[in-house]
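Chains as they are written, first to last, in our numbering: chain A, 225 to 848; chain B, 885 to 1221.
Report on the structure given below.
Listed below in structure tokens is the structure:
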């Protein structure tokens, strides 16, 4: 007999356990099944930098949060409706994030005195009243998993215990009516060469499902209907995957080969891994000896006529700064991708932050301007990479593309674009093949009048042999020049080339909502798009008039930005830094921009931004 | 009318750029530039396929004087930038012109990894045992106790032996020559340029301003030059009266040929897979004040990085066909709304 299903419109669940418990995998599989149903979704993987911190300890807790709904959503959810805690440390690390009335599913087997001690619990939280505000469901997950695998041969008890994450996945899949077929198929494929392991995981998954169906603990399950998204073909995508595909697409649309020079660094390495798999697109990946060589090889490849790119995170950008300066001086196309993480120094490698904006805009010696753009959502990383390539190729300049840890690992359903609708970059990527000088000579620094970009003449082209370098060059010839006026002119030209991009990008669009004209503008950039948009929606539901805009281009800014800022009594810029965009806006436009700034390594919650918006509205009213 | 299509033959003049050479009068760099400009046309590579990449330092001004493609890059980074050029364009002939500070100090990491990877590069390192462009500080090849502006009491840094470093870094071609020994330098550079993979050539180069005469003990002096010739017994001295032999202790020793007999001499084998003997030869002279080996220490064949990278791409395309962008971005788990 099947239990009844209650229809709900939105659910947030969080899986939490030891780093070695497979929580990221569990969350990812639940996400795939959720995507297959057609819910809108957003995810937030949250894991420690240590690969395996001591088992059962608080630093070793790894979590995966998923928000899914029957309507369009923007964030991975503020507080979970359900927490699955595989051990006491996972409970302790996550309990504070739960709202009263939330459900906690505990692996009762893990609540041993030893584990309680490792989690620094003085008393068993199940008995001391600390769980009074939540609904606790204790499930002996480990025992039930091992029991379900009794007949599986050739596995010892420890190996059987390792399948307990699949039991948890099975139970949650039952509870939220997720289809089982995609997960079973995935397990069979993943463990095709180890049939016993496949069998064990499938048995554990099914045992979890059946436990939900048969035990009296759960009297009903939940259903979340598919979301009504704009029509099209959808897939699930993370930011790092989208960034990788964006690079492949940009090279394809430019008629160039992609060359990625990189060095492993969290949270950017997945881009290197992904691109290394696409050799059939002619993609070359070069794992260099360090960050400096990563960008050095990429710049060399650009000189040789490839779409050169390098991918890293903040500390890597610091090491690459000198080569970015060279790329600015020699005026070659180059993509520099920064998947930002918490800083300074090694900082918080697995946590998100957007505190590298100053580094991107200013972080070089000399007057060294370059375009800086940032992705807003995981799927937007695809289009932002292509936009980065467009600017790099058209203006013959390095471009910094900013993503961050939240976008990198977070997933969302993504409407797959039609390849023919992507920008055609072939004209921007065209090599120079003929001399351009008045006397039949080649002038490597004779600029295009429209873009101020210089000719891209690649080795192998007869008659266009030329030398470039980091020393100041004479306008036109590119010969070394120490002439004072030439240096001033070249400095202005390099700046003018970047400034000119403002006329080649869309004006900033503002969403003013409905009703009376808002007096407050909330302006975001990068990965805060989701939480800011969700908070603006929530504030409007409460009857507030709030305008919302989001910047993709951070250097140069869209041409109308100053006019937009001047339109509102108040401008609020929420940032996961201490006010970097705010400082740029104040300096540039002399507008008293307000900030909401937190660097907790986590994306903003909708709730805190709603409060920040409300506080600004109160101030606006008081000023009236 | 010729029936065959012949490549236009380059001359030294074709490779000389219109830029005024700005090294100090008397600098050893002039001789190296002249020799390179003479040797390169003999390689049969069209001018447009030649790329000279350098870092920073006196020697790194080199590309400006060559009428080829060139990059004057960043201090120490030339091997990295050149690796990107060479790996992505195996059709090009790429040279790295560098110095002892550029290659062994700030750029040491890039040098050893380029050698290990065996990217198709000809690396020519001008060793003058001093920082010239910054006006006279000790370098990673300066001898212990050297008095310079930054070491008024004498250097306490133990120097690198560049040939030993290159051999230790798995280099497939390692050689040494001297700036003004034109015939020897020409032959070494030609062989290096024709080598498939990374070739490393140390050139003893005189800095007449800050370290004049550093190599006078071996320059033009047959007594002190141990010329290595593949397949030949290693002999030196005015009449070849001295030689190198493998002692019973496993070490190399300098011997009198008359005393030990020619059969006792070590026969140089640059093609040995094991770099051990080449390394021992490199240790015969740590700083070139006594008998010093010059010539090709090692010349072996190993897979070349850029070719191997391209082979993987060709193989992927042969097996799966050229990539289909729409198929890639749609993936296997998509759904229609």
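Glycine included, every Cβ here is placed at the ideal spot set by N, Cα and C.
Proximal residues to residue i (C-beta, below 7 Å), its chain only, five neighbours per side dropped
| i | result |
| --- | --- |
| residue 648 of chain A | 477 |
| residue 1146 of chain B | 1117 |
| residue 318 of chain A | 238, 240, 287, 307, 309 |
| residue 885 of chain B | The predicted model places residue 885 of chain B with a pLDDT of 42, which falls under 50 and marks its position as unreliable, so this point remains unresolved. |
| residue 770 of chain A | 737, 742, 744, 746, 760, 763, 764, 837 |
| residue 451 of chain A | 262, 263, 264, 293, 294, 295, 296 |
Test: residue i CB closer than 7 Å to a CB of chain B
| i | result |
| --- | --- |
| residue 506 of chain A | yes |
| residue 603 of chain A | no |
| residue 599 of chain A | no |
| residue 242 of chain A | no |
| residue 609 of chain A | no |
| residue 499 of chain A | no |
| residue 233 of chain A | no |
| residue 659 of chain A | no |
| residue 683 of chain A | yes |
| residue 343 of chain A | no |
| residue 550 of chain A | yes |
| residue 483 of chain A | yes |
| residue 515 of chain A | no |
Interface residues of chain B facing residue i [CB-CB closer than 9 Å]
| i | result |
| --- | --- |
| residue 699 of chain A | Within chain B, no residue comes near residue 699 of chain A; the closest Cβ sits about 17 Å away, beyond 9 Å. |
Bridge partners - residue i, DSSP secondary structure assignment
| i | result |
| --- | --- |
| residue 908 of chain B | Looking at the DSSP assignment, residue 908 of chain B forms no beta bridge with any residue, so it has no partner. |
| residue 289 of chain A | A:238, A:268 |
| residue 772 of chain A | A:735, A:746 |
| residue 399 of chain A | DSSP lists no partner for residue 399 of chain A. |
| residue 704 of chain A | A:697 |
| residue 1009 of chain B | B:982, B:1086 |
| residue 1222 of chain B | As shown, chain B starts at 885 and ends at 1221. That puts residue 1222 of chain B outside it, with no answer to give. |
Interface partners of residue i on chain B, CB under 8 Å
| i | result |
| --- | --- |
| residue 666 of chain A | Residues of chain B passing the Cβ test: none, with the nearest at roughly 11 Å. |
| residue 562 of chain A | The contacting residues do not exist; residue 562 of chain A stays about 19 Å from chain B at best. |
| residue 460 of chain A | 1217 |
| residue 686 of chain A | 930, 931, 932 |
Residue-chain proximity (residue i, chain A), Cβ-Cβ < 7 Å
| i | result |
| --- | --- |
| residue 1221 of chain B | yes |
| residue 974 of chain B | no |
| residue 1187 of chain B | no |
| residue 1083 of chain B | no |
| residue 951 of chain B | yes |
| residue 886 of chain B | The predicted position of residue 886 of chain B is uncertain, since its pLDDT is 44 and thus under 50; a value taken from the coordinates is nonetheless stated next. It does not; no Cβ of chain A falls within 7 Å. |
| residue 967 of chain B | yes |
| residue 1193 of chain B | yes |
| residue 1002 of chain B | no |
Chain A residues whose Cβ lies nearer than 7 Å to that of residue i
| i | result |
| --- | --- |
| residue 943 of chain B | The premise fails here: residue 943 of chain B is roughly 14 Å from chain A at the closest Cβ pair, so nothing lies under 7 Å. |
| residue 1210 of chain B | 643 |
| residue 1200 of chain B | 503, 504 |
Minimum Cβ-Cβ distance from residue i to chain C less than 7 Å
| i | result |
| --- | --- |
| residue 925 of chain B | This model lacks chain C altogether; the protein chains it does include are A and B. |
Residues near residue i by beta carbon distance below 8 Å, same chain, minus five either side
| i | result |
| --- | --- |
| residue 304 of chain A | 236, 237, 238, 289, 318, 321, 322, 326 |
Close Cβ partners of residue i (< 6 Å) along its chain, the five nearest in sequence each way excluded
| i | result |
| --- | --- |
| residue 361 of chain A | 329, 441 |
| residue 979 of chain B | 936, 1006 |
| residue 300 of chain A | 266, 267, 268, 289, 291 |
| residue 908 of chain B | 1093 |
Chain A contact residues for residue i, given Cβ-Cβ distances below 8 Å
| i | result |
| --- | --- |
| residue 1007 of chain B | By Cβ distance, chain A contributes nothing, its closest Cβ being about 14 Å from residue 1007 of chain B, past 8 Å. |
Using 8 Å as the cut-off, can you tell me whether the segment 263-272 of chain A makes contact with the segment 404-424 of chain A, which would need three or more C-beta pairs spanning the two stretches below that distance? Note that the segment 263-272 of chain A does not touch the segment 404-424 of chain A; fewer than 3 beta-carbon pairs, one per stretch, sit closer than 8 Å.
Touching by the beta-carbon criterion (3+ pairs, under 8 Å), the segment 734-752 of chain A and the segment 703-718 of chain A: no
Report yes or no: do three or more beta-carbon pairs, one from the segment 933-947 of chain B and one from the segment 663-675 of chain A, lie closer than 8 Å? no
Are at least three pairs of beta-carbons, each pair with one atom in the segment 454-474 of chain A and one in the segment 617-635 of chain A, less than 8 Å apart? yes
Answer yes if the segment 588-595 of chain A comes into contact with the segment 656-663 of chain A, meaning at least three C-beta pairs across the two stretches below 8 Å, and no otherwise. No: the two stretches stay apart, fewer than three of their Cβ pairs being nearer than 8 Å.
Across the segment 972-992 of chain B and the segment 536-552 of chain A, are there enough close Cβ pairs to call them in contact, namely three or more that are closer than 8 Å? no
Flag this pair as touching only if the segment 968-979 of chain B and the segment 504-515 of chain A have three or more C-beta atom pairs under 8 Å; answer yes or no. As far as the Cβ criterion goes, the segment 968-979 of chain B touches the segment 504-515 of chain A, which means the pair count is three or higher.
Would the segment 1198-1205 of chain B and the segment 1152-1164 of chain B be scored as touching if the rule is three or more Cβ pairs under 8 Å? no
Any chance the segment 481-495 of chain A sits against the segment 553-563 of chain A, with 3 or more Cβ pairs inside 8 Å? A contact is defined here as three or more CB-CB pairs under 8 Å, and the segment 481-495 of chain A meets this definition with respect to the segment 553-563 of chain A.
Hey, is the segment 392-409 of chain A in contact with the segment 342-358 of chain A, meaning 3+ C-beta pairs nearer than 8 Å? Put simply, the segment 392-409 of chain A does not touch the segment 342-358 of chain A. Fewer than three CB pairs are less than 8 Å apart.
Stretch-stretch touch, CB-based, cutoff 8 Å, three pairs: the segment 952-970 of chain B with the segment 1010-1028 of chain B: no
Okay, do the segment 667-686 of chain A and the segment 781-789 of chain A touch, 3+ Cβ pairs below 8 Å being the bar? Touching, no.
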